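Just below is one structure, and these are the notes that go with it.
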Amino acid sequence: MVGTNLTSLNDLLAEVMKINGQTLEDIDNQKKQALSCHPMRPALFNVLCEVKEKTSLSIRTGVDETPEDPQLMRLDNMLVAEGVAGPDKGVPLAGDASGGDQADYRQKLLHIRQVYNEELRKYEDACAEFTQHVRSLLKDQSILRPINHKEIERMVCIIQKKFSGIQVQLKQSTCEAVMILRSRFLDARRKRRNFSKQATEVLNEYFYSHLSNPYPSEEAKEELARQCNITVSQVSNWFGNKRIRYKKNIAKAQEEANMYAAKKAAAHGLGGMAASYGILPGASAGILNPYPGMLPGQDLSHMGMSSAFDLSAYNPQLMAQYQHQHQQQSNLEEKP
DNA sequence: CGACATGATTCTAA
DNA sequence: TTAGAATCATGTCG
161 MVGTNLTSLN DLLAEVMKIN GQTLEDIDNQ KKQALSCHPM RPALFNVLCE VKEKTSLSIR
221 TGVDETPEDP QLMRLDNMLV AEGVAGPDKG VPLAGDASGG DQADYRQKLL HIRQVYNEEL
281 RKYEDACAEF TQHVRSLLKD QSILRPINHK EIERMVCIIQ KKFSGIQVQL KQSTCEAVMI
341 LRSRFLDARR KRRNFSKQAT EVLNEYFYSH LSNPYPSEEA KEELARQCNI TVSQVSNWFG
401 NKRIRYKKNI AKAQEEANMY AAKKAAAHGL GGMAASYGIL PGASAGILNP YPGMLPGQDL
461 SHMGMSSAFD LSAYNPQLMA QYQHQHQQQS NLEEKP
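Letter by letter, the first sequence follows residues 161 to 496 in my numbering.
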């Protein structure tokens, strides 16, 4: 077992090593042909079979299936939720309070989406391509050494794991980008701008002339939104805030109520309105109002049982407490 | 700068 | 889903 046999075996091994080193390179059919016809091929094959058996490399197959990486799932869910992955939905954020920067946000999100999808596709392509190469490589090698189907699959599995690792990185950094964008947008959204004086005026007028039932219908909200040049949700927010704060601070609100009632009365001529409200313009209503627990409003008749705006929370002590606390309250009134 | 006003958000309960 | 309540965060005024 010396001499030419040895040299030809060396030749063969050299060829095999060349293949291993070439990984992604295509192998000439010529070379393949040469290898498979090589006189020493069957012998080498058998030796490798033996080695394989001894080292029992083949036992380990398909034991460790990917257990649905929770981290990857989390990332995926988040990306879908943020509108980066999945269908291109509209702006996924709750509320429509801010107007102008919506488009900005959308545009930036879209950009992230594009980059993300591009990269993802790149990785997928590369992965598929690489997998294909390895497959054919292993298949080619299988004529020289024992490789069964399962082992090829296992190798493919390993490759895909590696690539999915890269994908996780991509997804992670995309998530990060979205979070940064989102938080910035959220901050911007939270950046409150006070409504214009007129808008507040309109809203207050509505509120105090529907005091017994300050729940504008959807249509009313739309109308108010239009008048105030704000969104419907802003109107809803405003009324939500107004109701709760009104109840919390009856005394103060009462002055305000009187103010708006008076304004309205003035606008319609002093005659009927002011009289029917039981108040007088310019007067300190808290004092003049003969019904301390009662509030001025257009629909006083509803204030009993049928009023949805239950003022049972009213507390006379609170009133006293707030009366001196907010004395400068209604000094923002008439500025003719 | 501190206190209060105010629009927006979040959480809970019905 | 919605109202209410609590809370957040900024705007505003002295």
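Each residue gets a CB set at the ideal place from its N, CA and C atoms; glycine is no exception. Treat the numbers as computed from the prediction; the structure is a model and nothing was measured.
Just checking my contact of residue i with residue j at CB under 8 Å: how many whole Å lie between their CB atoms?
i	j	result
F205	R305	7 Å
G243	L269	6 Å
F367	F399	7 Å
K331	L239	6 Å
Q275	T291	Gln is not the amino acid found at residue 275; the sequence shown has Val there. Rounded, the Cβ-Cβ distance is 24 Å, inconsistent with contact.
L384	L363	6 Å
Using a 10 Å radius around the Cβ and a threshold of 16 neighbouring Cβ atoms, would you call residue i buried or exposed?
i	result
S133	Only positions 161 to 496 of the chain appear in the structure, and residue 133 is not among them; the question remains open.
G375	Before going on, a small fix: residue 375 reads as Tyr here, not Gly. Classification for Y375: exposed.
K381	buried
I390	buried
I318	exposed
Q498	Outside the shown range of the chain (161 to 496) lies residue 498, about which nothing can therefore be said.
I404	exposed
Thinking C-alpha only, which one of the options is nearest residue i?
i	options	result
N308	K212, K424 and C388	K212
T334	Q387, R405 and D236	D236
A359	D300, R201, Q387 and K322	Q387
Q190	D300, K214 and R295	D300
V338	A245, D171, P202 and E210	A245
H293	E313, V275 and Y276	E313
K424	R353, T391, S369 and R234	S369
Y420	E365, A203 and V395	E365
R201	A426, I390, K408 and S302	S302
K322	I340, K351, Q394 and Y283	Y283
A194	D171, K214, T215 and E210	D171
V392	R403, L297 and E378	E378
N508	L298, K214 and P247	No information on residue 508 is available, as it lies outside the stretch 161 to 496 that the chain covers here.
R352	N397, L297, Q267 and D229	N397
Could you check if residue i belongs to the surroundings of the ligand MG, using beta carbon to heavy atom distance under 6 Å?
i	result
E210	Among the ligands in the structure shown, none appear at all, so the ligand MG cannot be discussed.
Checklist entry - At a cut of 8 Å, does the stretch 312-326 reach the stretch 275-289 through at least three beta carbon pairs? => result yes
Next on the checklist: Give the list of continuous alpha helix (DSSP H) stretches no shorter than 4 residues that lie fully inside the stretch 383-408.
Outcome noted: DSSP runs (the alpha helix (DSSP H)) wholly in the stretch 383-408: 392-408.
Checklist entry - Enumerated in chain order, which unbroken segments of the alpha helix (DSSP H) with a length of 4 residues or greater are wholly contained in the stretch 297-356? => result 309-350
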